[in-house]
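Inspection log for the structure reproduced underneath, given as structure tokens.
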Amino acid sequence: KGNFFEKQIVEGDFNFDNIKDVLKVYQDTINPKAVYKVEIILSRINNLNKYEVFSTEKAIKPNFPDAETIDDRFFSGEQFDKVEFKDGIISFNCVLQRGYYTHKYKFQNNSFELISVKRVIGSADYLEDIEYNLITGEIKKKIEEDNKKPIISLEVHKISQLPKLGEFVPFKSEFY
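The numbering of the sequence shown is our numbering, which starts it at 2 and goes up by one.
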């Protein structure tokens, strides 16, 4: 498909209709930013030759978001790792130079909605673990520094409508 090559394929029943669906992750290595494309193909039960295809380039941040040319590439410290599907949840996992983050989606209300975000960052003497359940609005934060007792906090930040896959770029907003 043009400059995009297949990076990963995940199969499962994403929309709970008892028919296998397919999620494909592609990467454009010729593009200076090394953009990722996510394509979800939902099978139709009434006609095996009919599919609903969802495609976006926003679900996964590019490897080199600020690059203007291939020679201008500078590693930003974060990179796509893998997609997983378990118990009806699609998880996009990305690694950071010192940590990781995961965005979890569930098919509901006829779209893939963000239901959870987890981010862990740290260094040799610092660890910050944040988990945001968008359904309940609970944000659990745990900070460990040196040999001190961990600081654990809980706040609630409810949003009126869950973000949909492809309608936002990860961590462009304060919470997700």
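Every residue gets a Cβ at the ideal spot worked out from N, C-alpha and C, and that includes glycine.
Is the beta carbon of isoleucine 122 less than 9 angstroms from the beta carbon of asparagine 134? no
So for isoleucine 136, helix, strand or coil by DSSP? coil
Relative to the alpha-carbon of isoleucine 147, which residue among Ile10, Glu156, Ala125 has its alpha-carbon at the smallest distance? Sequence inspection shows aspartate at residue 147; the isoleucine mentioned does not correspond to that position. Aspartate 147 has its Cα closest to that of Ala125, out of Ile10, Glu156, Ala125.
Ends of the beta strand (DSSP E) at glutamate 12? 5-13
Take the Cβ of isoleucine 10 as the centre, count every other Cβ of all protein chains shown within 10 Å, and call the residue buried at 16 or more, exposed below. exposed
Could you check where the beta strand (DSSP E) with histidine 158 kicks off and where it finishes? Unbroken run through histidine 158: none, as it is neither H nor E.
Work out the CA separation of isoleucine 152 and alanine 60 for me, nearest whole Å. 31 angstroms
To the nearest angstrom, how far is the alpha carbon of glutamate 12 from that of phenylalanine 86? 8 angstroms
Check whether the Cβ atoms of serine 44 and lysine 21 lie closer than 9 angstroms to each other. yes
Pair within 9 angstroms by beta-carbon distance, glycine 89 and aspartate 18: no
If you draw a straight line from the C-alpha of tyrosine 102 to the C-alpha of tyrosine 52, how long is it? 31 angstroms
Out of Ile42, Gln28, Glu79, which one is the CA nearest neighbour of glutamine 98? Glu79
Cβ neighbour criterion (16 or more within 10 Å) applied to asparagine 104: First, the residue type needs correcting, since residue 104 is histidine and not asparagine in the sequence shown. The residue in question, histidine 104, is buried, as its Cβ has 16 or more Cβ neighbours within 10 Å.
Please state if the CB of isoleucine 42 and the CB of isoleucine 71 are separated by a distance shorter than 9 angstroms. no
Can you give the Cα-Cα distance for valine 39 and lysine 25, rounded to whole angstroms? 6 angstroms
Quick test of the definition: if touching needs 3 or more C-beta pairs under 8 angstroms, does the region 135-142 touch the region 158-170? yes
Consult DSSP for isoleucine 71 and reduce its assignment to one of helix, strand or coil. helix
Here's the rule: buried if 16 or more other CB atoms are within 10 angstroms of the residue's CB, otherwise exposed. What is tyrosine 127? exposed
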